[in-house]
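Residue numbers (our numbering), protein chains in the order written: chain A, 11 to 400; chain B, 11 to 400; chain C, 11 to 400; chain D, 11 to 400. The structure appears right after this line, and notes come after that.
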């Protein structure tokens, strides 16, 4: 009656680590999983800090070198929650060691790294080892419903996408130069961190791919105080020394989809008052959708009406027949941002159990990376750029 | 370094049981608690069902008689998640056995039962045993912020309260006669189930009490199919036999607060399209607040402005300095309905650890019960009724 | 080819006078009317003031005694825009002189006055003289659409009405004692001024009547500065002398409709931050509606859906097939509050031209007055009161 | 005491003609103007149609040749409401004849035409003859308030603009090929018709100019039924013959402002469900604004708060101290789309009376035209294009 255990080793324990830990703990309590996930080992470079995090978040042991995690026999899954610069190295090693891999987004900091990861994933898949990139917003029920409606043709032919991801956490010029603002670690700024989400989502919702882009990027605040600690996790108000911001504060681009839709995209950390404003709006020949992450339980749907009462309607996506929602509460009892990770873990474990490839694959992650790279190239050169030509 | 354990015994494992279990598991992962809660024993009458629930929800053992739970030495806290008709018996026995008690709302099905519980709670408190009634919406961060703002005088003198709790799950006349529609088990209908929430909240937000009420209640659908199962947990579409609905479908009342505010209250299960629409609006001499549970991360605040730009502003209550929110995610990453239970458990355990009486006390639960009873009496007799005079 | 003229005499030239003047001027420019309204004479007691108003608002002549207006041969319609205390006298005299009468709401300050007006209207109707009470919100396109939807059965059987009319223009205790706060002139306070609107609307939308009520009224600020001018039109900040406020600041009541619906009503001038917040929400067995006057071009409609995508939808009531809207602009180009008067004038003139009785009739105005009187009686005595029994 | 008359001659009597006529009639009723506008002559090519329109809209006479209007001694102002292709010819002739000119937007169909108009306007101004281009949305009170707030520095340094103008009236592929879809008459499609509005507004709100753009345009439906009538005013469902659509259905572009702000712009007639959705959002270093034309009485304002209660607040822009609003109704009584024209006429006549140049000038209209031309060039060539270099 008891299920086989699935040993999890997680690398990284900050923001994403906390979200993933909660999801690993909670998924089996709400969903019927084929395996029983066990929080086997948590990995971080600072022994005391990782030990404290492990205790608080419920991990059975800790390591300070990710290679040790990859080498452990009691680890079946490696969950990569580090900055993008180390994704490729860890994920490839884990796959080669026969560990299933769940890797945070964006897949990597460059197309080159992403390609290596895809190659490793394909080799591993042949041996039954699974991999997945953690674009968690695919698991927002309202967005999964949106994809279903588009797939069912309810919107007709898609003409327009307008997607923004607006935050404002670095508007203060004295906010310090944390790792997310350093190109070597983060790859890019708003573009990779939050722009990657809207690129993935748009491609996923439309089941289409972005073919070409024209972009601009901007860094409004060029220098910032260096953080007081080596880890770069200091809060507002750094030291007196300043360093150069080497990533974009905002990235804007026009896009053409292969299927004919046209789009605007915008990712910014300078949209004062918008804390986590990922909004996406899609217009088709027969209907439209609108979504806002700050109200993630809601989907706005417009369908051309037979009578005089047409209008955008607010679907409260909390019904038992909405994606993943039968596991949760009665209708109208909303879920939070963290639930997207629980759904992601659920789908990952179910796929692993069924010997299926979970989605989104590393190849899809590479697809996003190619768009990001085209955006970067277009912004640098001021011309329209085809995706995949770099 | 490790914390003392706190053995939890929970009676009931349906809707509230699942929410509480998640909260017991999750609270120590996000908050620094003085004790380490252990999911010791889950109790339900159907052995197979409770065993399955216990496994799924992470309980170490199960019992089929709540008396066994109360009698166990490894249980420090009894969490009462049963229908209201058994609250008094279980809670009083648990308190007499020296167990701290967390009891679901409403406290009881009658003022008489509630009084007995308050008496037991007062005797127990003298011996250091704590009790709390689980009005979880006090732990919505937006509502805790609302109370803080009112307490700070930001709204001036309160003049108006309008509170509704609107659901629609029994609009279909073929929805079966579940226990919540049977007076012997539920005490009342919409009034006790959801009306109790808005009564408690209004009194809590204003730090005031309802002094008198004038009410009407209505049962729109008088008979319903009997559920197919003894447990009364059947879904839509019962058997052919019908039984009489003995509770209210909707309860409406006017109220005067002791401090001078006037109010309308409405609780209904027949508000088609409103799944979980608890809305509360408060007007004071200097400002106003509005809240909607379907958007529980938001609080609307109006303050009389010095200039020409006054207006209701939407506070996204996800900042680190908002109540409980430093434990969660970065600003703009919303939480869900279930988090109210995690906050409740956090506050309960902290109070127990500090040898404080957690809030809301059983006495506050009795206060709500007295309002409900006055509403029932007013509706029956068609006259204004003072609270506490029954 | 030219149309017969319809001479208009209007009594009163303040707020309502300006709105009606604009409507008389504009209606023939957008609607095809059977008569050509002519702004013949404007009447007010202060000769200089009325002369200035007449010039500004486009009236051909002025009078200072309403009896002169009623007696003029070139006047076919008397439009009564005075405070409620003089409605009965003017309207009855005008009807007896064979003038069609459009009378501002509420019809009168008492049921007795209203009865006399209804009797006069019935006598006049026998001779082809028409009368109408100006509940202009019936001519909000969104509300006319709402009535059509309810009449078509789209909401099923109506169970709930919750209607509020919230303003805040006298929250400041130094706002002066203008005529609207004096019982002799205004009859009542929030109840008659704005409560009458929601009573009329609710009865009109449901095609039903309120059968009984239970009410409370409150006057939060008991004394106010006397206005500096005799006319009572002074702004904030009156003189040093204070007088007693003799009307209600707020009126709240529960109601039962003859057809079985139950309702809450609230009219207040102390809802800080709500400038003109008339909101009405209706729940039926098959659907629901919600409306807010501050967004008067929108109607929220919920219909039980066949699939999983149900939700309240926002109808932007600006389509050519929406009531009156074919006369205006392309879809999405919103209209304002004043358009309700233009629609009202249009319907009045069309009815007069067709020798029909325009709606709402004085009898309907009396019906509203009876509800208001029952509310007043219930509030005074603290008991449920049947409408019409006073 | 009576004011000097101002004789108006208007060319064109369709959509814009109706809006302008209403404004000419209404402006002197609500605002204190230095001149008294007289609706002297209406001009259109079809004698019967223009005669009917003139009667309905209150014009004293009609002409069928605009040259006759320009030549009349009783005409002081020529109001140009024709398609863009004839703006230059009429406006230049009128200015040369010493008539003040109000010209509908966009100023012209090309930069060349616009330059000629600016030259004529400058020559005329030297002789005291005034000219203005009718970008009416500058006279939305909420947007005038927005400009005032930005000008006062309330938003700090502006970083982001995102502006869309979304309509859906030609989504149906059988909607006929009306003049607005023909390049010879309309110049461009969504770009010039509605894109011009958001370009003007953005530049006006920021008091800045767009320096460079990168654009794409798209025509989703390439052929449409020819309209059944020569005038091109047929409704949905044209004849069997089809013609080529020669304008854009949608235009999207990125922009850099001279002052450093970056922006996305989108104008589309294919945004299903958006009837008249002009939305603009601006983020600065200290605050943000958001506006939606479908709720034109509202402005959303965010200001970085000193405490924990920051949020976007909804200003209902209906207070007496809001731009133009003291002329209208009490707070909370909303105005409609057409009021923007009344405000525009008010400002135009006041400027003429004060011998001032009204705003926006033809030079500002040329500025918009230069942006539109840069957009067209950029879309054609796929490169970033500086404004003014064509």
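Even glycine gets a Cβ: it sits at the ideal position worked out from N, Cα and C.
Using a Cβ-Cβ cut-off of 9 Å, residue 332 (chain A) counts as an interface residue toward chain C, since at least one Cβ of chain C sits closer than that to its own. Using beta-carbon distances, residue 318 (chain B) does not count as an interface residue toward chain C, since no partner is under 9 Å.
Nearest to residue 374 (chain B) by C-alpha distance, out of B:351, B:285 and B:121, is B:121. Straight through space, the alpha carbons of residue 26 (chain D) and residue 41 (chain D) are spaced by roughly 21 Å. Within the same chain, 151 and 155 come within 7 Å of residue 332 (chain B) by CB-CB distance, once the 5 residues on both sides are set aside.
Taking C-beta separations shorter than 6 Å and ignoring five residues to either side along the sequence, the partners of residue 323 (chain D) in its chain run 311, following chain order.
Neighbours of residue 345 (chain A) across chain B, judged by C-beta separation under 8 Å: 346, 347 and 348. Taking C-beta separations shorter than 6 Å and ignoring five residues to either side along the sequence, the partners of residue 104 (chain D) in its chain run 80, 88 and 111, following chain order. Residue range 141–144 is occupied by the beta strand (DSSP E) that includes residue 141 (chain C), with no alpha helix (DSSP H) assigned at that position. Counting only Cβ-Cβ distances below 7 Å, residue 208 (chain A) has no contacts in chain C at all, with the closest Cβ about 23 Å away.
Contact between residue 385 (chain D) and residue 181 (chain D) fails: their C-beta atoms lie close to 22 Å from each other, not under 8 Å. By the criterion of a C-beta distance shorter than 8 Å, residue 217 (chain C) is surrounded in its chain by 157, 160 and 161, once the five residues flanking it on both sides are discounted. Non-local C-beta neighbours of residue 338 (chain D) in its own chain, meaning closer than 8 Å and more than five positions away in sequence, comprise 40, 328, 345 and 349, ordered along the chain. As computed with DSSP, residue 190 (chain C) is found in no beta bridge at all. Within the same chain, Cβ atoms closer than 7 Å to the Cβ of residue 353 (chain A) are found at 149 and 334, the five residues on either side in sequence being excluded. If you ignore the 5 residues before and after residue 91 (chain C), its C-beta comes within less than 8 Å of the C-beta of 20, 21, 22, 23, 24, 26, 27, 30 and 114, all in its own chain and listed in chain order. Within the same chain, and ignoring the five residues on either side of residue 54 (chain C) in sequence, the residues whose Cβ sits closer than 6 Å to its Cβ are 23 and 60. If you draw a straight line from the Cα of residue 317 (chain C) to the Cα of residue 325 (chain A), it comes to about 11 Å. Taking a C-beta cut-off of 9 Å against chain C, the contacting residues of the segment 68–100 of chain D are 68, listed in chain order. The segment 364–373 of chain C makes contact with the segment 120–135 of chain C; the number of CB pairs closer than 8 Å reaches 3 or more. Looking at the DSSP output, residue 263 (chain B) bridges to B:225 and B:275.
Contact check for residue 290 (chain C) and residue 208 (chain C): beta-carbon distance about 7 Å, within the 8 Å limit, so the pair qualifies. Taking residue 204 (chain D) as reference, the option from D:227, D:51, D:383 and D:174 with the minimal CA-CA separation is D:174. Its Cα nearest to that of residue 361 (chain C), the residue C:45 stands out among C:45, C:72 and C:298. For residue 167 (chain A), same chain residues with a beta-carbon under 7 Å away, outside a window of 5 residues either side, are 294 and 295 in chain order. Residue state for residue 220 (chain B) is assigned as strand, using DSSP reduced to three classes. A residue is called buried once 16 or more other Cβ atoms fall within 10 Å of its Cβ, and residue 379 (chain C) is buried on that count. Bounds of any alpha helix (DSSP H) do not take in residue 292 (chain C); it lies within the beta strand (DSSP E) bounded by 287–294. For residue 358 (chain B), there is no enclosing beta strand (DSSP E); the enclosing alpha helix (DSSP H) has its first and last residue at 349–363. Taking a cut-off of 8 Å on C-beta distances, the segment 267–275 of chain D does not touch the segment 298–308 of chain A, as fewer than three cross pairs fall below it. Taking 8 Å as the Cβ-Cβ cut-off, the segment 221–233 of chain B has no residue approaching chain D.
Neighbourhood of residue 322 (chain C) in chain B, by CB distance below 8 Å: 283, in chain order.
Non-local beta-carbon contacts of residue 77 (chain D) in its own chain, meaning distances under 8 Å to residues more than five positions away in sequence, involve 103 in chain order. Here DSSP, grouped into helix, strand and coil, assigns residue 48 (chain B) to strand. With a threshold of 16 other beta carbon atoms within 10 Å, residue 12 (chain D) falls short and is exposed. Shortest Cα-Cα distance from residue 300 (chain C) to any of C:163, C:367, C:193 and C:171 involves C:171.
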